[in-house]
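Enquirer:
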Amino acid sequence: MWNDFKNLLDEMGKKKEFDKKTLERSLEQEISIIIKGEV
Amino acid sequence: MESGILHLENIGGLKGDNSFKFKKGSLNIVEAPNSSGKTSIVKALASILSATDNGNFKPLIEEEAKNLGLRSNKRNPQQGFVNVHSEVGRVKLDLDEKSLDFVVKQNGEILQSHEYGNQDFLLAGILSNDSRILKQLNSVEGDEIEPGDFYWAVTELSSAKIYDDERNFLLEKKEEYSDEFDLAEQKIYFLEDSENDLKKLKEERKLLEKETKKFEKIISEGGIARLVEKKGDLYTKLNTIEKQKSSILAPKENNESQIKEIENQINKLKNDYTTSKSKIKDIDGEIMKLQDQKNDLEDQKNNQIPKLQEALIPIDGEMNIYVTALSSLKEQNNEVNCPLCKTGTISFPIVQQRYDELKNDKKNITNQIKEINMSYHEVKNRLSNLQQKKQTLDEELNEISTFLQQKENHLKNLRSLIKQQLTEIDRYDKKIENTLKSLEEINVQVSGDDEKLMEELDEKQLQLRDNQLKINEISKEREKASIDIGGESFKPKEAKKKFEKIIDFIEKAIEFTKKRSDDQKQKAKVNFNQNIESLIKKLGFKEFRSIKLNDNYQLYVERLDESSGEYVLQQVKTLSTSEKSAISLILQIALKQMYIPDLDFLILDDVLANFDEDKKFKVLDYLSDKAKEEGWFIILTTLTDAEQPLEVKTW
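Residue numbers (my numbering), protein chains in the order written: chain A, 4 to 42; chain B, 1233 to 1883.
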């Protein structure tokens, strides 16, 4: 899951486009996985 | 050769339709006097090449758009861009491979845009006297930005800005979850504290219930008068118990002194036993030795004595002969025939001598026999004595052992008795303690009258109700202490762990974006410095040896000092206007190469005014070569005093 998030951060960097909504959504997903105790 | 045609419809000072043709791979010079539409061309190109689909820019680009006059304020962002006499302005750029359209209303509302624009063009693709680079180089102390501070050049246009934005977003999120974490901790503390409070309240409740029951019991059993009576009973009971206890104490002490005495006796008996045992051991050793001697002497008696007795027989025989011979010789007093051999003669002295020798031999042998017999009897007697002594000691030892056993049994019995007595004393002590406790309770209770007792009962009942209310309140608060994360409810401890994990995750991401941002800045700095170095050489600006960003992204220039003929390190703010113009041109081209390599336009708006003729030509030649080499449209505007219409020439 960390790799997916890291890739998203890198993808935005490469595209030079900071998309707050996408980042927020993705972080929420990662947090949801942490909350469910899947990590 | 490829070309681009720019159509302007009601843009800036140019009313109606106007078209301008630019050549790709060439330096296009727009030459015109003031107020002839040069600026409108620059603004039109800047607008269409930097257009975004929603018309929004990043903050620094927004600022640059304002610097360049593309936007004035938020309420009317495109003010002055559309001709004042028109409602709508249009910019169209026809390129060989595509056609870009940008339509905007007088109020700034964008009616049509395209997807090929790049907002970074405003910072990286245009150099005018209003551009950030020149404004910055010309800034003075007290201005918002330092002349040499080019941090923005390695962040805003590179991916570093994005990673910084990501990091700032993550820092905000970390802050949010840190607050949640703190809240969870507070709730954990509350639960711990309230657990203690609850425990105390429950203990208090137990005590209150006990006291209430006690008061209720007193009342139900006849009140204070009955208590006084009960107190008297308890004192009587206490006296009886103490007497019973005393009756056991004296025999117990007697038993204890007996135990001491018996213990001493036992110790003495044990010593005697050890001594006798040791003596018997010594006697056993001696007996063994004497037994060996007796055996040896018996051997001698049985074997040596018969041999000695045998040896006496011939001696006795010979002696008898010589006795006879001696008596004959005594009578005759001369020589006689030898009674043994019968052939020779013998005389008295010779016979007497021989007889004496035999007598002596016999005596020796007899003595030996006697000695053996005497030794044997002596050893036998000693052995018999010792065996008798040993028997006596064995008997003594048995007696001691029996006595010891008796004493130990007695001791055991006494100890068991004392144990029973102690148990009994302990039982009486407990009884005394309980009675005293009951007396103490009664002493407290009988301090007032029945009315006071009722008041106290009421008071206790009120306290009980208050206690229950507090318990209910805390229990309710504790139930509410759960924490909601993502729609799920967690106990604070569990939630704290979740928040820890979330914060760890975010911190990892923050670290990642920081590293990426630093890498990007470093990479941008190195590229920027390399581009500048190459440009200085190509432009033949011998007055500069190097123009570089240092580790803090501050621009430093090594400039030729004409008086000394040496290159000196100089801060940007101390450079002359023409030097700043030269540096701005170098920096702008470097930015264009680095950040918008795919956008084939570079606009230089009236930036050669400060160059001398020689340098101006050098720059024009370089730009022409660069346009050709890269396939760029380089559009250079220049002011002329001549009254002439606006025209586009190629260099």
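Don't be surprised by glycine CBs; every beta carbon is placed ideally from N, CA and C.
Assuming contact is defined by CB atoms lying nearer than 7 Å, are I1237(B) and D1326(B) in contact in what I supplied?
Expert: Closer than 7 Å, so yes.
Enquirer: Determine, for D1397(B), whether the minimum Cβ-Cβ distance to residues of chain A falls below 7 Å.
Expert: Yes, D1397(B) counts as interfacial toward chain A.
Enquirer: Could you check the C-alpha separation between D1516(B) and H1609(B) for me, to the nearest Å?
Expert: Approximately 20 Å between the Cα atoms of the pair.
Enquirer: What are the boundary residues of the alpha helix (DSSP H) that E1885(B) is part of?
Expert: No answer is possible for residue 1885(B): it lies beyond the span of chain B, which begins at 1233 and ends at 1883.
Enquirer: Please identify the residue among L1240(B), H1346(B) and E1263(B) whose C-alpha is closest to the C-alpha of Q1876(B).
Expert: Answer by Cα proximity: E1263(B).
Enquirer: Listed in chain order, which residues of the segment 1728–1746 of chain B have Cβ atoms closer than 8 Å to some Cβ of chain A?
Expert: Residues K1730, K1733, I1734, F1737, I1738, K1740, A1741, F1744 and T1745.
Enquirer: Taking the alpha carbon of I1456(B) as the point to measure from, which residue in N1534(B), V1676(B), E1485(B) and E1493(B) has its own alpha carbon closest?
Expert: Out of N1534(B), V1676(B), E1485(B) and E1493(B), V1676(B) has the C-alpha closest to the C-alpha of I1456(B).
Enquirer: Residue range of the alpha helix (DSSP H) that Q1889(B) falls in?
Expert: Lying outside 1233 to 1883, the shown extent of chain B, residue 1889(B) is not represented and no answer is given.
Enquirer: Is the beta carbon of E1530(B) less than 7 Å from the beta carbon of L1618(B)?
Expert: Taking 7 Å as the Cβ cut-off, E1530(B) and L1618(B) do not qualify as a contacting pair.
Enquirer: What would DSSP say about I1815(B), mapped onto helix, strand or coil?
Expert: It is helical.
Enquirer: Do you know how far the Cα of L1817(B) is from the Cα of K1740(B)?
Expert: Those two C-alpha atoms are separated by around 41 Å.
Enquirer: Just curious, the beta strand (DSSP E) that R28(A) is in, first and last residue?
Expert: Here R28(A) belongs to no beta strand (DSSP E); instead the alpha helix (DSSP H) covers K23 to I38.
Enquirer: Bridge partners of Y1788(B), per DSSP?
Expert: Beta-bridge pairing links Y1788(B) to K1780(B) and Q1803(B).
Enquirer: Identify the continuous beta strand (DSSP E) that holds Q1876(B) and give its terminal residues.
Expert: It is not in any beta strand (DSSP E) - Q1876(B) carries neither H nor E in the DSSP assignment.
Enquirer: Apart from the five residues on each side of it in sequence, which residues of its chain come closer than 6 Å, Cβ to Cβ, to T1634(B)?
Expert: Around T1634(B): no qualifying Cβ.
Enquirer: Taking the alpha-carbon positions, what's the L1767(B) to S1390(B) distance?
Expert: If you take the alpha carbons of L1767(B) and S1390(B), they lie about 20 Å apart.
Enquirer: Taking E1775(B) as the reference, which of D1396(B), Q1338(B), V1789(B) and N1782(B) has the closest Cα?
Expert: When each option's Cα is compared against that of E1775(B), the closest is V1789(B).
Enquirer: Shortest alpha-carbon distance to N43(A) belongs to which of I38(A), K39(A), G40(A) and S29(A)?
Expert: The structure shown has nothing for residue 43(A), since chain A only spans 4 to 42.
Enquirer: Could you name the residues of chain B that K24(A) contacts, counting a contact when the two beta carbons are closer than 8 Å?
Expert: Per Cβ cutoff of 8 Å: no residues; K24(A) is ~11 Å from chain B at best.
Enquirer: If you reduce the DSSP assignment to three classes, tell me which class D1285(B) lands in.
Expert: The answer is coil: DSSP assigns D1285(B) none of H, G, I, E or B.
Enquirer: Whose C-beta lies closer than 7 Å to the C-beta of S1670(B) among residues of the same chain, with five residues either side of it excluded?
Expert: Excluding sequence neighbours, S1670(B) sits near L1466.
Enquirer: Could you tell me the boundaries of the alpha helix (DSSP H) in which L1852(B) lies?
Expert: That run of the alpha helix (DSSP H) goes E1845 to E1862.
Enquirer: With a Cβ-Cβ cutoff of 7 Å, do K1812(B) and L1240(B) count as a contact?
Expert: Cβ distance not < 7 Å, so K1812(B) and L1240(B) don't count as in contact.
Enquirer: Does the distance from the CB of V1611(B) to the CB of L1501(B) come in under 7 Å?
Expert: For V1611(B) and L1501(B), no; Cβs fall outside 7 Å.
Enquirer: Which residue comes first and which comes last in the alpha helix (DSSP H) that contains E1263(B)?
Expert: Counting along the chain, E1263(B) falls outside any alpha helix (DSSP H), though it belongs to the beta strand (DSSP E) covering S1258 to A1264.
Enquirer: Within the 7 Å Cβ cut-off, does I1717(B) reach chain A?
Expert: Chain A, which has a Cβ nearer than 7 Å to the Cβ of I1717(B), makes this yes.
Enquirer: Leaving aside the five residues before and after V1583(B) along the sequence, list all residues of the same chain whose C-beta is less than 7 Å from its C-beta, in chain order.
Expert: Same-chain partners within the cutoff: Y1554, A1557, L1558 and L1561.
Enquirer: For Y1421(B), is the classification buried or exposed, using 16 other Cβ atoms within 10 angstroms of its Cβ as the cut-off for buried?
Expert: The residue is exposed, with fewer than 16 neighbouring Cβ atoms inside 10 Å.
Enquirer: For G1340(B), which of G1349(B), S1318(B), Y1348(B) and L1355(B) has the nearest alpha-carbon?
Expert: When each option's Cα is compared against that of G1340(B), the closest is S1318(B).
Enquirer: For D1504(B), I'd like the list of residues in its chain whose CB is within less than 7 Å of its CB, leaving aside the five on either flank, ordered along the chain.
Expert: Within the same chain, D1504(B) has close Cβ partners I1632.
Enquirer: Does I37(A) get closer than 7 Å to chain B when you measure Cβ to Cβ?
Expert: With 7 Å as the cut-off, I37(A) counts as an interface residue toward chain B.
Enquirer: Under 9 Å Cβ-Cβ, which residues of chain A neighbour R1697(B)?
Expert: What R1697(B) touches in chain A: nothing, since even the nearest Cβ is about 42 Å away.
Enquirer: What first and last residue would you give for the alpha helix (DSSP H) that runs through Q1754(B)?
Expert: Per DSSP, Q1754(B) belongs to the alpha helix (DSSP H) from P1724 to L1771.
Enquirer: Below 8 Å on C-beta distance, what does K1753(B) contact in chain A?
Expert: Correct list: empty, because the minimum Cβ distance to chain A is about 12 Å.
Enquirer: Could you check whether the Cβ of L11(A) sits closer than 7 Å to any Cβ belonging to chain B?
Expert: With 7 Å as the cut-off, L11(A) does not count as an interface residue toward chain B.
Enquirer: Using the C-alpha atoms, what's the distance from M1826(B) back to N1759(B)?
Expert: Distance between the alpha carbons of N1759(B) and M1826(B): 7 Å.
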